[in-house]
Amino acid sequence: MLEQPVTLHRAPRGEVPPAGAQRWRVDEVHALFDLPFPELLHRAQSVHRENFDPTMIEFATLLSIKTGGCPEDCSYCPQAARYDTGVEASKLMEPAEVLQAAQRAKDAGATRFCMGAAWRSPKDRDVEKVAELVATVKSLGLETCATLGMLDEGHAQTLRTAGLDYYNHNLDSAPDFYGDIITTRDYQDRLDTLERVRGAGVKVCCGGIVGMGESRLQRAGLIAQLANLDPYPESVPINNLVRVAGTPLAEQAPLDPFEFVRTIAVARITMPRARVRLSAGRQQMGDAVQALCFLAGANSIFYGDKLLTTGNPDTQADLDLLARLGLKAGQPEPVAAA
Ligand code: SAM
Ligand code: DTB
Ligand code: SF4
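Throughout the sequence shown, residue numbering follows this note's numbering, covering 1298 to 1635 in sequence.
Pasting the structure below:
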């Protein structure tokens, strides 16, 4: 029998956790990352089964409703105006075009539709227009999600009223690595937006990117931040860096794929009832690694031939992969607590 030194769900020394919150210390999360691979996967799969039908995978389709020309300096991002990536800036899409794309996504089997805009933060009139898009997409019976940058007071409420189910705003990295990646806004700005989203009654979709040159301890730091949000996000996208020519991270050495799988497993263990999404980077990943991610507790993917500006596996390849693995597309809902 292996020694099992990792204690789950402990409060930080000397602190009483708020009611309902499960506090994770970074060293506890790091200890999960350090477990032998089969042990980590076994734990993650057990947690997954306790909380979800482990054969059900969410299909979320992305649409870039406003591409490129962004004033921010996120080192990974092809849409930052300051990097020469070949992405052309475009205006906000018209409702009829978005409706068509959402209908196509629905017909192809998606249940969630996420609209992304390359803004630092939207203006009031942008939010009004996106609210119209949200209502249009919602009328098709799809779950709606938007990612528009930082939100002001009132913006989240307007979107909620229009029918927004989720707002995506990622923490992206551990706090102590963040400054190496982005300088034009800080970690606290992100936390503030997440609080406004929560406050408006919109569900939170929040995750990060791995493979940007961070250490394992910093990956643990990112997961601890996410897991300690109170409550933790309903939806957690884990992105593997897509290395885009022209961005400062274009030449970053790829992350060991098993380390990506470990990140998914640790997210599942620390956020047992979240939808954990195997997000950007699938096109570069291979089927076997994706299968390991599902085993590690991923129960959502971005589905559609494109992410925002970069590629994603063809829809048919994903349908084939699910069939080969005996998985089914649907909306994973946490099972009732025993
Ligand atoms: N502009 C808004 C913002 O930054 O919040 C919304 C769109 S932004 C493209 C959404 C997320 O996409 C980022 O927070 C980041 O996690 C992810 N992302 C962007 N470029 C990526 C890349 N090259 N590889 C992996 N994930 C990426
Ligand atoms: C998220 O966490 N990943 C998505 C979505 N939320 C908006 C975006 C991935 C973008 C990958 C690079 C691109 O296609 O531009
Ligand atoms: Fe702009 Fe968002 Fe890209 Fe950062 S991640 S450069 S804010 S589009």
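Cβ coordinates follow ideal geometry from the N, Cα and C atoms, glycine included. None of these values were measured; they are calculated from a predicted model.
**Item:** Simplified DSSP assignment, three categories, for L1575
**Value:** strand
**Item:** Given K1363 as reference, the closest of A1415, V1323, A1588, A1571 once Cα atoms are compared
**Value:** A1415
**Request:** Could you tell me if F1356 is buried or exposed, where buried requires 16 or more neighbouring beta carbons within 10 angstroms of its beta carbon?
**Result:** buried
**Given 8 Å, three or more beta-carbon pairs between the segment 1470 to 1480 and the segment 1417 to 1436** = no
**Request:** Taking A1414 as part of the alpha helix (DSSP H), name the residues at either end of that continuous run.
**Result:** Unbroken run through A1414 is the beta strand (DSSP E), 1409 to 1414; no alpha helix (DSSP H).
**Asked** M1568 and A1633 look like a contact to me (Cβ under 8 Å); what is the Cβ gap, rounded to whole Å?
**Response** About 18 Å; that fails the 8 Å criterion.
**Prompt:** Does the Cβ of Y1373 lie closer than 7 Å to at least one heavy atom of the ligand SAM?
**Reply:** yes
**Request:** Check whether the Cβ atoms of G1406 and A1386 lie closer than 8 Å to each other.
**Result:** no
**Request:** With distances taken Cα to Cα, identify the nearest neighbour of G1383 among I1566, M1353, P1375.
**Result:** P1375
**Message:** Please determine whether the Cβ atom of G1446 lies at a distance below 7 Å from any heavy atom of the ligand SF4.
**Reply:** yes
**Prompt:** Can you name, in chain order, every residue of its own chain whose Cβ lies under 7 Å from the Cβ of P1309, other than the five neighbours on each side?
**Reply:** Residue confidence for P1309 is low, a pLDDT of 40 falling below 50, so the modelled location carries little weight; the figure read from the coordinates is stated next. Closer than 7 Å at Cβ, skipping near neighbours: R1320, R1322.
**Prompt:** Taking C-beta to C-beta, are V1558 and C1590 nearer than 8 Å?
**Reply:** yes
**Item:** Length of the line joining the Cα atoms of A1377 and D1469
**Value:** 16 Å
**Message:** Below 8 Å on the Cβ atoms is my contact criterion, and I expect A1471 with G1518 to pass it. Report the Cβ-Cβ distance as a whole number of Å.
**Reply:** 3 Å
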